[in-house]
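Numbering (the numbering used here), first residue to last: 40 to 182. Note that CB positions come from ideal geometry on N, CA and C, so glycine has one too. Quick caveat: nothing in here was measured; it's all calculated off a predicted structure.
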Amino acid sequence: MSNLSTSLSNVARPVLGGRLARFIAYLGLCAAYLQGGLVKLTDFPGAIAEMTHFGLAPAPFFAVVVIVLEIAASVMILVGWYRWIGALALAVFTLMATFVALQFWTMPVGQARFFAGNSFFEHLGLVGGFLLVIWQDLNERRQ
40 MSNLSTSLSN VARPVLGGRL ARFIAYLGLC AAYLQGGLVK LTDFPGAIAE
90 MTHFGLAPAP FFAVVVIVLE IAASVMILVG WYRWIGALAL AVFTLMATFV
140 ALQFWTMPVG QARFFAGNSF FEHLGLVGGF LLVIWQDLNE RRQ
């Protein structure tokens, strides 16, 4: 490691290498799922309408499953209880939901397709983040 890299690491480690930074990172990764689950929970008719919009039937069943998944898996990640399983659940859910909701390749060229394409790849980034959580948690459990 070069001197510059070592120096930068020594400066960053006390702030970014601690438990608080890790928790904030997990919270950022899970924020949309916590928010989504809580909004669906407090507006169940809206959750049913969303499931219906995406062709998921029976819509009430899928709404309950999504609410439980988004909240429970996020909490598992945040508290560290079977963190890798929570991250795996959200990674699989996100990948499936992305292919259902963001089929940009079927849209005509234009602004809507552009936005859907961006959102599609942003969601793939979330999946990558969850895969990193899985990798780290499994490696920490091995030690």
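Inter-stretch contact at 8 Å, needing at least 3 Cβ pairs: the stretch 114-134 / the stretch 166-179: yes
Helix, strand or coil at Ala-70 [DSSP, three-state]: helix
Rounded distance between the beta-carbons of Gly-76 and Glu-109, thought under 8 Å: 3 Å
Extent of the continuous alpha helix (DSSP H) run through Gly-125: 122-140
Where Val-105 falls, given that 16 or more other Cβ within 10 Å makes a residue buried: buried
Cα-Cα separation, Thr-81 to Ala-71: 15 Å
Rounded separation between Thr-45 and Val-78 - CA only: 45 Å
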